[in-house]
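K.L.:
First, the structure itself, so that you have it in front of you.
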Amino acid sequence: MKTQTLYRPVGEKEMLLIIESGYKAFPPRLEWQPIFYPVLNEEYASEIAENGIPVMKPEII
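So our numbering is basically just the index in the sequence shown, starting at one, shifted up by 85.
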């Protein structure tokens, strides 16, 4: 099985829940939190963490 690294910013409490899962699962998102948006590139993940998920404009799609 090939491992794929996904990046997502997490807080301390969320990190503890990830550790409790044996690093196998992200905890469920809270109602007010945005959707889970995994990315494969750490630089892009950092950009999302700072600026939010970019919104696609209809003319680009």
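C-beta atoms are modelled at their ideal positions from N, C-alpha and C, and glycine is treated no differently.
No experiment lies behind these values; they were computed from the predicted model shown.
Kindly indicate which three-state DSSP category residue 108 falls into: helix, strand or coil?
P.N.:
As a position in the sequence shown, residue 108 is number 23, starting the count at 1. Reduced to three states, the DSSP call for residue 108 is coil.
K.L.:
Quick check: the Cα distance between residue 115 and residue 86, rounded to an integer number of angstroms?
P.N.:
Walking along the sequence shown from the start, residue 115 turns up at place 30. Walking along the sequence shown from the start, residue 86 turns up at place 1. Near 31 Å, if we compare the C-alpha coordinates of residue 86 and residue 115.
K.L.:
Return the CA-CA distance between residue 112 and residue 136, expressed in angstroms with no decimal places.
P.N.:
Taking the first residue of the sequence shown as position 1, residue 112 is located at position 27. Taking the first residue of the sequence shown as position 1, residue 136 is located at position 51. Near 23 Å, if we compare the C-alpha coordinates of residue 136 and residue 112.
K.L.:
Pop quiz: residue 92 and residue 132 are said to be a contact at Cβ under 8 Å. What is the actual Cβ separation, rounded to whole angstroms?
P.N.:
For this step, residue 92 is matched to residue 7 along the sequence shown. For this step, residue 132 is matched to residue 47 along the sequence shown. The pair is not a contact, with the Cβ atoms about 11 Å apart (cut-off 8 Å).
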